[in-house]
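A.B. asks: The structure's right below; bear with me while I get my questions together.
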Amino acid sequence: MKNETCERNMDKFLALDKYERIPLGVTLHFLCCKKCRTQARYLTLAERYTSEPIRETPVKNMLENIPIKPVSMAKWIISGIIMILMMVTFGLFLNKTDSTTFAIIFNVLFGLIITAYCSIFVAANMDFFMKKSSKLWN
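Under the working numbering, residues 45 to 182 are what the sequence shown spells out, in order.
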């Protein structure tokens, strides 16, 4: 069954045009299946290296020296600090009211905003996290 799933997801991956976003189902499969993830990474590298002029360095050296683009954390940190400051300020004004319903709604909303912020951060930097985690496990 896993081979059929792997085949179907690899077919979807291979059917994509250049620079087209990978569908969510295929991305989730790649997160769970190391074999498909490495195969897709090698296919992407092969496509990138075939479009460049011929080099004299061996392929093994090229695969080991894959550059990792630095992730700019400044925008994420600044927006996170602004978000937390706004929520703390709102929380201080909330203490002046005695409405427990309003406090519950605020806390649930605060949790949802933090969860959304963290999930958007991870989704936007998925390549960075995958490369870092593969270096830790190998």
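Every residue gets a Cβ at the ideal spot worked out from N, C-alpha and C, and that includes glycine.
All values reported here derive from a predicted model rather than from experimental measurement.
1) Which residues bound the alpha helix (DSSP H) around LYS78?
2) Over the uninterrupted alpha helix (DSSP H) stretch that includes TYR161, give me the two end residues.
3) With burial defined as no fewer than 16 other Cβ atoms inside 10 Å of the residue's Cβ, what is the status of CYS80: buried or exposed?
4) Rounded to a whole number of angstroms, what is the C-alpha to C-alpha distance between ASN53 and LYS175?
5) Roughly how many angstroms lie between the CA atoms of LEU58 and PHE172, to the nearest whole one?
6) Going by CA-CA distance only, name the one from ALA168, GLU48, PHE137 that's closest to HIS73.
7) For SER123, report the span of its alpha helix (DSSP H) as first-last.
8) Please state whether DSSP places ASP61 in a helix, a strand or coil.
9) Per DSSP, what kind of secondary structure is GLU48 in: helix, strand or coil?
C.D. replies: Quick answer:
1) Within the sequence shown, residue 78 is the residue found at index 34, counting from 1. In this chain, the alpha helix (DSSP H) harbouring LYS78 covers 78-95.
2) Working through the sequence shown from its first residue, we reach residue 161 at position 117. In the DSSP assignment, TYR161 falls within the alpha helix (DSSP H) that extends over 144-168.
3) Here residue 80 is taken as the residue at index 36 of the sequence shown, counted from 1. With at least 16 other beta carbons inside 10 angstroms of its own, CYS80 counts as buried.
4) Here the question's residue 53 lines up with position 9 in the sequence shown. Here the question's residue 175 lines up with position 131 in the sequence shown. If you take the alpha carbons of ASN53 and LYS175, they lie about 21 angstroms apart.
5) If you number the sequence shown from 1, residue 58 lands on position 14. If you number the sequence shown from 1, residue 172 lands on position 128. Their backbone Cα atoms lie some 22 angstroms apart in a straight line.
6) As a position in the sequence shown, residue 73 is number 29, starting the count at 1. The option with the nearest alpha carbon to HIS73 is GLU48.
7) Against the sequence shown, residue 123 aligns to sequence position 79. Unbroken alpha helix (DSSP H) run through SER123: 118-139.
8) Here residue 61 refers to the residue found at position 17 when the sequence shown is read from its first residue. Residue state, collapsed to three classes: coil.
9) Within the sequence shown, the letter at position 4 stands for residue 48. Helix.
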